[in-house]
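Okay, structure first, notes after.
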Amino acid sequence: MTEVQVVQLLVSPAHLLAGRPSDGLPSVPDERVSRVAVRRGLGLVGDRYFGRPAHRDASVTLMAAERLPLDIAASVDLRHTRRNVLLRGVDVDALVGATVSLDCGEGPVEFAVNRPARPCAWMDVTVGPGAQRALRGGGGVRCTPLSDGVLVVGPAEFRVVAERGGA
4 MTEVQVVQLL VSPAHLLAGR PSDGLPSVPD ERVSRVAVRR GLGLVGDRYF
54 GRPAHRDASV TLMAAERLPL DIAASVDLRH TRRNVLLRGV DVDALVGATV
104 SLDCGEGPVE FAVNRPARPC AWMDVTVGPG AQRALRGGGG VRCTPLSDGV
154 LVVGPAEFRV VAERGGA
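Each residue of the sequence shown is one higher than the one before, starting from 4 at the first, in the numbering used here.
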């Protein structure tokens, strides 16, 4: 078990970054929350990917704060990266294929870590020039929740339940 910090949570009811990044950044509301309900197989209650069949294997995105470029890490938040859970203290990008558990004090929530979340061209607009390249291999991971529960900003316990391939 590893002690981690849930730095931020983001629940976005709509897809806000549409069109081309060269068109400029639209007005993005602050959709960060301090607490969110998680539903098995469905995602985060209130999020744009909740219950959508096309996104069931990618309904929640975890990101490691340590992967953000050092020169901008202090000013970047989930509104810029459009990820759901920003964690400090664990390299989630190295856990593709594993099952992990995150317990924010209200019971563990398990996630299947399915695939990398590749940074898109919007990162150069929302985070800053060069961010898309800097975040390659560190843009977070797309997950499926395997249990119901609650995530809360603050200290948490992180555990790898099963290694890659279920070992």
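Heads up, the beta-carbon is just placed ideally off N, CA and C, and yes, glycines get one too. Nothing here was measured: the structure is a model prediction, and the numbers come from that model.
Its Cα nearest to that of V48, the residue L12 stands out among E69, A67 and L12.
As a beta-bridge residue in DSSP terms, C146 pairs with V63 and V116.
Residue nearest to G110 within the set D96, D151, L98 and R118 is D151 (criterion: CA-CA distance).
The alpha-carbon of E166 is positioned some 17 Å away from that of E160. DSSP places F161 inside the beta strand (DSSP E), whose first and last residues are G157 to A165. For R121, the closest C-alpha among the options R136, V112 and A115 is that of R136. If the five residues before and after F53 are omitted, its C-beta is found closer than 8 Å to the C-beta atoms of R42, L45, G46, L47 and S62, all from its own chain and listed in chain order.
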